[in-house]
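Written below as structure tokens is the structure these notes are about.
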DNA sequence: ATGAATTTTCACTATATTTTGCAATTCCCT
DNA sequence: AGGGAATTGCAAAATATAGTGAAAATTCAT
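Chains as they are written, first to last, in my numbering: chain A, 10 to 219; chain B, 10 to 219.
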């Protein structure tokens with residue numbers, strides 16, 4: 010089967026689309042109007058054939074002999090990834106990590122706005138951290154349902170991560186970005202992704218001389 | 010070819026080893042002495058066959074009928090990944106992100122000690138941030154060569170990431186964990202890994218209803 | 001001791017992903 | 001207007017990754 014929509018796209022392909030988008034935004038920033046799979050490939054160290062094939066899953070975005078219109082391709086990728094709108098995000102865990110995440114400016118301009126910061130500890134609830142006043146975790150459901158929040162970032166200790174994740178799911182969260190260094194089980198219809206810098210470091214030390 | 014060392018191990022396999030190690034540490038924490046590929050697989054949502062196959066690349070670590078000794082397997086994986094020692098790490102970029110990274114306690118107990126925090130901006134050099142006094146980037150080479158630092162975390166703005174990475178490489182850094190949302194080119198013998206939470210969020214929004 | 005239940009290991013098979021080769025299209029130069 | 005260079009999109013081939021099935025080893029209960 011070829012081109013267009015309706016067939017399921019491999020996850021590995023979906024995982025590369027944000028990289029394409031990121032590279033395209035930089036091209037756009039440099040006022041480039043068109044690019045090619047080859048140029049993108051060089052910048053991303055991905056083969057040009059790979060990029061063409063990935064993109065062709067969603068329809069013919071390019072023009073033979075010419076390449077891809079940067080702006081058009083950005084629009085299409087944003088639509089495919091559903092990031093042509095602003096998503097609200099809840100951060101859970103107001104320790105060092107959660108507090109750093111909620112103050113980090115890099116989410117805003119890429120389509121994700123941190124709306125609230127939650128914690129379970131009475132010591133922290135009510136405290137002011139950057140732009141946020143820490144809210145009690147048990148007010149999560151009310152808040153997210155009234156504000157339509159569907160994404161959460163989890164920044165609690167590993168010991169509590171599974172139980173907090175369960176609460177997030179119960180509250181109606183549909184996607185969790187977990188910063189705790191532990192695997193979490195969630196229902197199939199809930200998305201989960203992991204951020205653990207240490208696993209990346211360990212991947213690299215394998216290749217370093219002892 | 011089977012078992013033992015000498016053949017090259019696929020990167021995708023290396024990438025899973027830190028996850029096994031992480032899960033094993035938790036088992037160890039719970040005083041478990043033995044485990045099985047099946048148990049590990051359930052916790053990690055990876056098939057047991059996959060886990061057995063991955064481990065067998067490095068020799069027979071398990072016992073038929075019994076499973077894997079938790080402590081022994083941890084030791085072997087640490088040896089394979091070269092994390093049976095403490096690695097020193099330099100953080101470059103003393104903005105919000107670099108400062109949060111250098112104060113995060115989660116590296117220390119998993120084999121990575123942040124040794125120094127560098128920045129290029131005269132405003133920041135000399136400032137005290139947590140346990141660190143911000144050092145000038147141009148003192149990097151002297152410092153890392155005298156202290157044997159081979160790993161750096163890069164937390165500078167995307168605009169400067171490539172040029173700072175070039176400086177890191179010139180200074181003798183062999184592995185870079187890049188937090189800037191941009192692809193970096195480094196020589197083949199230098200390792201690079203990326204942390205960009207936004208790409209993970211975008212991967213998930215693909216699966217969320219618009 | 002024996003047999004049933006586990007569980008690894010390993011060769012083989014199946015599936016998934018990437019690369020290759022090429023026709024078709026477009027642009028650009030003369 | 002014509003020819004050469006660039007570039008996509010797609011089918012087919014090649015490669016990489018994951019899963020299967022069965023033999024061998026181990027434990028445990030009787």
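Beta carbons: idealized from backbone N, C-alpha and C, even for Gly.
The model shown is predicted, which means the values in this text are computed figures rather than measured ones.
Next item on the list: Enumerate, from N- to C-terminal direction, the unbroken beta strand (DSSP E) stretches of 3 or more residues contained entirely within the segment 93-123 of chain B.
Entry: 96-101
Item checked: 6 angstroms CB neighbourhood of residue 30/A in its chain, flanking five on each side removed -> Your numbering for residue 30/A matches position 21 in the first chain. Result list for residue 30/A: 86, in chain order.
Checklist line | beta strand (DSSP E) segment containing residue 169/A, residue limits | finding: Against the first chain, residue 169/A aligns to sequence position 160. From DSSP, residue 169/A is part of no beta strand (DSSP E) but of the alpha helix (DSSP H) over 167-180.
Next item on the list: For my contact list, residue 103/B and residue 126/B are in at a C-beta cut-off of 8 angstroms; report their separation, rounded to the angstrom.
Entry: Along the second chain, one-based indexing puts residue 103/B at 94. Along the second chain, one-based indexing puts residue 126/B at 117. Indeed they touch by this definition, with Cβ atoms about 5 angstroms apart.
Next item on the list: Report buried or exposed for residue 17/A, applying the criterion of at least 16 other Cβ atoms within 10 angstroms of its Cβ.
Entry: The sequence position of residue 17/A within the first chain is 8, counting from 1. Under this definition residue 17/A is an exposed residue.
Check: Quick one: what's got a C-beta closer than 7 angstroms to residue 165/B's C-beta in the same chain, skipping five residues either side?
Finding: Sequence index remark: in the second chain, residue 165/B carries index 156 (1-based). Cβ within range, chain order: 101, 102, 173 and 189.
Notebook entry, point to check: Any Cβ of chain A within less than 9 angstroms of the Cβ of residue 116/B?
Noted result: On the second chain, position 107 is the one that residue 116/B refers to. Interface residue, yes.
Next item on the list: Starting from residue 186/A, trace the beta strand (DSSP E) both ways and give me its first and last residue.
Entry: Sequence index remark: in the first chain, residue 186/A carries index 177 (1-based). Per DSSP, residue 186/A belongs to the beta strand (DSSP E) from 184-187.
Checklist line | Where the segment 195-207 of chain B meets chain A: residues whose CB sits under 7 angstroms from a CB there | finding: 200, 202, 204, 206 and 207
Note to self: Quick check on the DSSP output: the alpha helix (DSSP H) that includes residue 73/A runs from which residue to which?
What the structure shows: Position 64 of the first chain holds residue 73/A. Segment: none, residue 73/A is in no alpha helix (DSSP H) and carries neither H nor E.
Check: Based on Cα-Cα distance, which residue from 117/A, 122/A, 212/A and 40/A lies nearest to residue 98/A?
Finding: As a working mapping, residue 98/A is identified with position 89 in the first chain. Looking at the Cα atoms, 122/A is the closest of the given residues.
Note to self: In the DSSP output, what is residue 198/A paired with across the bridge?
What the structure shows: Position 189 of the first chain, counting from 1, holds the residue named residue 198/A. In the DSSP output, where bridge partners are listed per residue, residue 198/A has none listed.
Next item on the list: Using a cut-off of 8 angstroms between C-beta atoms, extract the partners of residue 215/B located in chain A.
Entry: In the second chain, residue 215/B corresponds to position 206, counting from 1. Neighbours of residue 215/B on chain A, chain order: 23, 26, 89, 90 and 91.
Check: Does residue 145/B have its Cβ less than 9 angstroms from a Cβ in chain A?
Finding: Counted from its first residue, the second chain places residue 145/B at position 136. No, its Cβ sits nowhere closer than 9 angstroms to a Cβ of chain A.
Notebook entry, point to check: Hey, is residue 98/B's beta-carbon within less than 9 angstroms of any beta-carbon in chain A?
Noted result: Sequence index remark: in the second chain, residue 98/B carries index 89 (1-based). At least one chain A Cβ lies under 9 angstroms of residue 98/B.
Item checked: Nonlocal neighbours in the same chain, by C-beta distance under 6 angstroms from residue 184/A, ignoring five residues either side -> By one-based count along the first chain, residue 184/A stands at place 175. Result list for residue 184/A: 160 and 200, in chain order.
Notebook entry, point to check: At least one CB of chain B closer than 9 angstroms to the CB of residue 105/A: is that the case?
Noted result: As a working note, residue 105/A is residue 96 in the first chain. Chain B, which has a Cβ nearer than 9 angstroms to the Cβ of residue 105/A, makes this yes.
Next item on the list: Starting from the beta carbon of residue 160/B, find every residue of chain A whose beta carbon is closer than 9 angstroms, and list them in chain order.
Entry: Mapped onto the second chain, residue 160/B falls at position 151. Near residue 160/B (Cβ distances below 9 angstroms), the residues of chain A are 210, 213, 214 and 217.
Notebook entry, point to check: Do residue 23/B and residue 215/A have their CB atoms nearer than 9 angstroms?
Noted result: Here residue 23/B corresponds to residue number 14 of the second chain, with the count starting at 1. Here residue 215/A corresponds to residue number 206 of the first chain, with the count starting at 1. Yes, the Cβ-Cβ distance between residue 23/B and residue 215/A is below 9 angstroms.
Item checked: Outcome for residue 75/B when other beta-carbon atoms lying within 10 angstroms are tallied against a minimum of 16 -> Here the question's residue 75/B lines up with position 66 in the second chain. Exposed: under 16 other Cβ atoms inside 10 Å.
Check: In terms of alpha-carbon separation, which member of 119/A, 169/A, 113/A and 162/A lies closest to residue 130/A?
Finding: Working through the first chain from its first residue, we reach residue 130/A at position 121. Per the Cα distances, 169/A.
Item checked: Of the listed residues 58/B, 177/B and 25/B, nearest to residue 196/B (C-alpha basis) -> Counted from its first residue, the second chain places residue 196/B at position 187. Measuring from the Cα of residue 196/B, the nearest candidate turns out to be 177/B.
Next item on the list: Return the first residue and the last residue of the beta strand (DSSP E) that residue 225/A is part of.
Entry: With chain A represented from 10 up to 219, any question about residue 225/A goes unanswered, as that position is not in the structure.
Next item on the list: Can you have a look at residue 111/A and say buried or exposed, based on whether 16 or more other CB atoms are within 10 angstroms of its CB?
Entry: Counting from 1 along the first chain, the entry for residue 111/A is found at position 102. With 16 or more Cβ atoms within 10 Å of its Cβ, residue 111/A is classed as buried.
Notebook entry, point to check: For residue 64/B versus residue 32/B, is the C-beta distance shorter than 9 angstroms?
Noted result: In the second chain, residue 64/B corresponds to position 55, counting from 1. In the second chain, residue 32/B corresponds to position 23, counting from 1. Contact flag unset, no.
Notebook entry, point to check: Under 9 angstroms, do residue 92/B and residue 120/B count as touching if we go by C-beta distance?
Noted result: Within the second chain, residue 92/B is the residue found at index 83, counting from 1. Within the second chain, residue 120/B is the residue found at index 111, counting from 1. Yes, the pair counts as a contact, with Cβ atoms nearer than the cut-off.
Next item on the list: Consult DSSP for residue 223/A and reduce its assignment to one of helix, strand or coil.
Entry: Here chain A covers residues 10 to 219 and nothing more, so residue 223/A does not appear.
Next item on the list: Please go through the same chain and pick out, in chain order, the residues whose beta-carbon is closer than 7 angstroms to the beta-carbon of residue 203/A, but skip the five residues on each side of it.
Entry: Start at 1 with the first residue of the first chain, and residue 203/A comes out as number 194. Cβ within range, chain order: 187.
Item checked: Residue range of the unbroken alpha helix (DSSP H) whose run includes residue 191/B -> In the second chain, the residue the question calls residue 191/B occupies position 182. Segment: none, residue 191/B is in no alpha helix (DSSP H) and carries neither H nor E.
Checklist line | Same chain, Cβ closer than 7 angstroms to residue 28/B, neighbours up to 5 away in sequence not counted | finding: Numbered from 1 along the second chain, position 19 holds the residue referred to as residue 28/B. For residue 28/B, where only same-chain residues beyond five positions count, the Cβ hits under 7 angstroms are 53.
Margin query: Among the candidates 44/A, 142/A, 94/A and 78/A, whose CA atom is the shortest distance from the CA of residue 217/B?
Written below: Taking the first residue of the second chain as position 1, residue 217/B is located at position 208. Closest option to residue 217/B, Cα to Cα, is 94/A.
Margin query: Using a Cβ-Cβ distance cut-off of 9 angstroms, determine whether residue 127/B contacts chain A.
Written below: On the second chain, residue 127/B is found 118 positions in, with the first residue counted as 1. So no, residue 127/B is outside the interface.
Note to self: Output needed in chain order: residues of the segment 155-183 of chain A with a Cβ under 8 angstroms from some Cβ in chain B.
What the structure shows: 159, 160, 162, 167 and 183
Item checked: Neighbour list for residue 35/A in chain B, Cβ cutoff strictly below 8 angstroms -> Taking the first chain and counting its residues from 1, the one referred to as residue 35/A is at position 26. What residue 35/A touches in chain B: 167 and 191.
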